[in-house]
Amino acid sequence: MSELTGYKGSSLELLKKSNASIGDLIEIVTPKMKYEGILMPRYEYADDLHIVIKLSNGYNIGIDVRNIQSVKRVSGGVKPHFAPPPMPSVNPNLPKVSIISTGGTIASRVDYRTGAVHPALSASDLYLVVPELSQYALIDAEVLFSIYSENMKAEYWREIALKVKEKVKNGYQGIVITHGTDTMGYTSAALSFALSNVPIPVALVGSQRSSDRPSSDAALNLIGAVLVASRASFSGVYVVMHSGMSDDTLAVHLGTKVRKNHTSRRDAFESVNATPVAYLRGTEIENITPNLPPRRDDKDFDVKPNFDTRVALVKFYPNFDPDVIGYFIEKGYRGIVLEGTGLGHVSKYCYEKLKEAKDRGLIVAMTSQCIWGRVRMTVYDTGRDLLNMGVIPLEDMLPETALVKMMWALGNSDSIEEAKSLMRRNIAGEINYRSDLEKRPIR
Amino acid sequence: MIDYKGIGLKVGLEIHQQLATKNKLFCHCEEFQSDEFDFLFIRRLRPTQSELGQVDPAAMFEFKKGKMIKYHANRRSSCLVEADEEPPHDLNMEAVESALIVALALKSKIVDELHTMRKIVIDGSNTTGFQRTIIVALGGSLKTKNRDVAVQTISLEEDAARLLGDHEGYREYCLDRLCVPLVEIALAPVEGSPEEIQEIALSLGRLLRATRRVARGLGTIRQDINVSIKGGKIVEVKGIQKLDLISKIVEFEASRQLGLMKIKSELEKRGVRPEDIGSPLEVTKIFKDTECELIRKAIEKDGIVLALKLKGFSGLLGYEPYPDIRLGKEMAELVRFYGLGGIFHSDELPGYGIKMSEIESLKKMLETSDEDAFIILAGPKDSIFDSMMAIIERAKDALQGVPYETRGPTPDGKTKFIRPRPGPARMYPETDIPPIPITKELLLKLEKEVPKPWEEQIEDYVSKYGLSQKLAQKVFDSEFSELFEVIASKTKVQPSFIAATLTETLVSLSRAGFDINCLDEKDLIELFLSLDEGKISKEALPQVLEVFLKGEVKSVEDAIKKLGIVTISDDELSQIVEEIVQENKELIKEKGERSFSILMGKIMNIVRGRVDGAKVGIVLKKRIENVIKEQA
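If you read the protein sequences in the order shown, they are chains X and C.
Numbered per the numbering used here, the first sequence finishes at 1162, counting up by one with no gaps.
Numbered per the numbering used here, the second sequence finishes at 652, counting up by one with no gaps.
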């Protein structure tokens, strides 16, 4: 923690004069009162007019600098000494699971003195914070990135994929990847393609309620992911998260069919146009989807970790400006995934730009902004026109999965034609040719 | 009679009062109590680890037991915020204003900027695992009849979920009360008799009600009290809902603590030291053919029996320095928290099916002498040790006197063990809510809204409405004071009658078993309007209320119809009076004005409930006077 985090302007000046730093015990005198408390960091976008202290009863209050007569540093802060509880003993014969963290805190410890939340990242930290893990797996933890979900990039997908390859080579029976939830669906799709032949389960996991709160979904999700990684009979890339509001059932979603469909709920992640592949109740894994690729013993497999980022996901809407397509053509993009209306349409006034895209060698493919359902472009004139222009209908594929797949297809092909053919083929379960009778099939 | 001053009795009051706001504290739900639930979900809370690596032992125990929490919700009173499935919305400024008005009324120093904190609470009463709480003011003082009591802090916080039941393996809450704004006022500990302490709570309650911004009715105000005596630790009694229990509870706690101190000095006299309390032994085999049902059942369920020798404790487990205060009882309450049904101790044996021979072998095994006591526990292998550890700690605490713990009130004004007192509050900032500066403009505006002192408001009831002092206080303290004012202004009904109906009549109906909570303000206003319009008489009003409360009718109007109340017109009344007077002319001649009460009785037998008795009296009196004149 830097010395006076968050303070600026007049409050910073006053604090500097007193030589106090965050965590110090200070005394502030105003005409009304004399306060004594621990100097706290300031909320970053708050004004520069208040100094925040923690009173001895644990509460924080803000004191207006305009009322302050004096600030005095009483004594230095006492760094809390972390006295960890006894480490649970781990049976060395348990399956070996590697936990790769990319960001988002799946486990943490709170410093009640300053309010800081420290992530628990090492294997021993994880065992301490979620002791149940010691019953299920021999854990190895590695921090690959510490980034917010929204800062995830295709180049990191590549690094994660290569890391997974290395772990498989080293004999791990399963891999858990902790991830911020906002873009976890993109990453799970990317890894599904890059690791389409992975011999063991790779479980992505995150939390919707921060891990510092007793009600967090993080621990249960993490335990679930470790169970899937260590015990599932299938291989492949999956997302493991709550299946409902209750802390009793987790859903295992196929990496290419999963989408974050709610901003905040624990069960935000849903399988779209598919059922979850399995559910987890307690330690029981109930398989739902038949014929998943089985877990294998091989230590080597082909990784295709390249992604060409010159691909755009473009949503059509009334009064959409076709110059948006023109912009991507000019910028040298190699592909566009359209998120069209209904069965897969964009207005006729876009035709000219779409033709231009085709002529300049871009792949153009169609998904639907309906999210649920399949594009079917033979039903209306517009759809037929677009098919004629070479727009590829992507069946029931999620728009986000389609974007990632096109990046991957272009990144791992020698020609546009090869990439197009990959787009049409089902690689990692991203296309389901049958539509379930239920809109949101549960099993 | 205990000399409270002599024993150094000190009591700190902490009052939690629900605020009457349109919405809850951090979302846009309304407060609405209902036992109809359309939603259920299940959670488990995990004790979070602090930087110090410490976990609240009671919280850890609950977690280890694997207790699930079932939350029931009603769509009208709860949304995703209560379910901890959505971040909190902006802080409700209406609630902030109410809390600030209370702070101004208590001359407390308002903080310049509000910071929302998370206070870790892991029993499931908060879906998040913490309670959001904000200090709004520090210091100040409460004026009471005999003295000023210092205020320590005033905070604004969210109320907890309502406990529906605590069962084996799970606990049930409903979310209607969760997130309702509360103002919490902590008073400095004071010395005084139990009655004086209750008086302070009453004054504070009245000050809050005087703001007219607080919720009323049972459960909307709760008191926590911290009680200690010289030489003992502070005991917290949480969640007292009835004001008139406070003095009883303080009295009980004082005697309990005093009793524990007596036990302590006896132990001291006997020279018992903490290290004399050793480890338990497993004694299951002694009881393999026992006739003690409790132990037999525990063994049948694959449980075990443990015994602990308490050196020098003989006679002190059953010793009752004050009524109902025994160390044995304290230990039994303690193990109930850890999931056992109770304990057996040597001072009550033989008994409960435990035979002398079993006691003899036990004593031999434990190597006890006549000065020693012992305790027997029977229960499941995996949880019995938690209970035994707690007993060992409790026995060591007995050497210190009064242990530090959290207790709860019983309906008869005693207290019972709830849980060990948690360590220092674990608080950290609620980062989802930015700090809120309190502007000078807001304070200037709110200063104008600080209410008249409650004493003056009660005095107003006396002078403006002609209520007696006692009735004025009753109405002011009831949940109907504002309604009283509305009805008094809307009707010409005598205010004292309105006040008496809203307090005494409703209380007696409630005591008779009617649920007066189902009465709507609208219904009560209509009731008095009907009286005002002469549709019913004063005498009939309680009957109408009763029919309405029985739930047989949907409106006051229907209740009147159902009772067949047809009021009598002035002409009809005159005619009835005339008939009775004519029939009793002889009596009038004989008794003169003293015939009034007999005739009144006869007339009321005919018209009761259909016309106001006072009115009958006036008409009858006049008529008798005329007859007397005529006869003369």
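The beta-carbon is built from N, C-alpha and C at its ideal position, and this holds for glycine as well.
Any chain X beta carbon closer than 8 Å to residue i
i      : result
C/S447 : First, the amino acid is wrong: residue 447 of chain C is Met here, not Ser. It does; some Cβ of chain X falls within 8 Å.
C/E387 : no
C/H36  : no
C/G533 : no
C/T147 : yes
C/R226 : no
C/G86  : no
C/I653 : An answer regarding residue 653 of chain C cannot be provided, because it is not within the stretch 21 to 652 covered by chain C.
C/L158 : yes
C/I205 : no
C/L65  : yes
C/C194 : no
C/I174 : no
Boundaries of the beta strand (DSSP E) in which residue i is found, first to last residue
i      : result
X/T821 : Careful: X/T821 lies outside any beta strand (DSSP E) and carries neither H nor E.
C/K90  : M88 to A93
C/Y193 : Y190 to C194
C/A206 : P201 to L207
C/L176 : D168 to E178
X/M960 : G955 to H961
Beta carbon proximity, residue i to chain C, threshold 8 Å
i      : result
X/S843 : no
X/A860 : no
X/V790 : no
X/Y867 : no
X/S766 : According to the sequence displayed, residue 766 of chain X carries Asp and not Ser. It does; some Cβ of chain C falls within 8 Å.
X/M720 : Low confidence applies to X/M720: its pLDDT is 43, below 50, so where it sits in the model is not reliable, and the reading given next is rough at best. Not an interface residue.
X/A938 : yes
X/Y778 : yes
X/G725 : no
X/Y998 : no
X/T897 : no
C-beta atoms of residue i and residue j nearer than 8 Å
i       : j       : result
C/E368  : C/G338  : yes
X/K1124 : X/M1142 : yes
X/A1147 : X/G974  : yes
C/D448  : C/S213  : The residue asked about is misnamed: residue 448 of chain C is Tyr in this sequence, not Asp. No; because the gap between Cβ atoms is not below 8 Å, this pair is not in contact.
C/L184  : C/Y193  : yes
C/G239  : C/P429  : no
X/I1135 : X/I1082 : yes
X/L1113 : X/V1094 : yes
C/L547  : C/L565  : yes
C/S145  : C/L39   : no
X/K815  : X/D859  : yes
Segment limits, alpha helix (DSSP H) that includes residue i
i       : result
X/N1107 : D1100 to N1107
C/L184  : Looking at the DSSP string, C/L184 is not in any alpha helix (DSSP H); the run it does join, the beta strand (DSSP E), is R182 to H187.
X/F1047 : D1042 to E1049
X/M759  : No alpha helix (DSSP H) holds X/M759; DSSP gives it neither H nor E.
C/L625  : Here residue 625 of chain C is Asn; the residue named in the question, Leu, does not match the sequence. Element bounds for C/N625: F616 to V627.
Closer than 7 Å: residue i CB and nearest the ligand MN heavy atom
i       : result
X/D1021 : The ligand MN is not part of this structure, which contains no ligands at all.
query = Closer than 8 Å, Cβ to any Cβ of chain X: which residues of the segment 92-113 of chain C, in chain order?
reply = L100, A103, D104, E105, E106 and P107
ask   = Where in the segment 979-1032 of chain X do unbroken runs of the beta strand (DSSP E), each at least 3 residues long, occur, reported from the N-terminal end onward?
value = 988-990, 997-1000 and 1003-1006
key: Near-chain C residues of the segment 963-992 of chain X - C-beta to any C-beta below 7 Å   = M964, S965, D966, D967, S983, R984 and R985
Inside the segment 396-482 of chain C only - beta strand (DSSP E) runs reaching at least 3 residues = 425-429, 435-440 and 447-449
task = Determine which residues of the segment 501-528 of chain C have a Cβ less than 8 Å from any Cβ of chain X, and write them out in chain order.
result = none
Proximal residues, the segment 127-138 of chain C versus chain X, C-beta separation under 7 Å = K129, V131, D132, E133, H135 and M137
message = Quick check on the DSSP output: what are the complete alpha helix (DSSP H) runs of length 4 or more inside the segment 915-953 of chain X, in order along the chain?
response = 937-950
inquiry  = Counting only Cβ-Cβ distances shorter than 7 Å, please list the residues of the segment 1001-1032 of chain X near chain C, keeping chain order.
reply    = none
request  = Taking a Cβ distance cut-off of 9 Å, strictly less, list which residues of the segment 741-753 of chain X are near chain C, in chain order.
outcome  = T749, K751 and M752
4 or more residues per run - each alpha helix (DSSP H) lying fully within the segment 222-308 of chain C = 266-289
key: Residue ranges of each beta strand (DSSP E) within the segment 116-160 of chain C, 3 or longer   = 136-140 and 150-158
ask   = According to a CB-to-CB cut-off of less than 7 Å, which residues of the segment 925-937 of chain X neighbour chain C?
value = R928, D931, R932, P933 and S934
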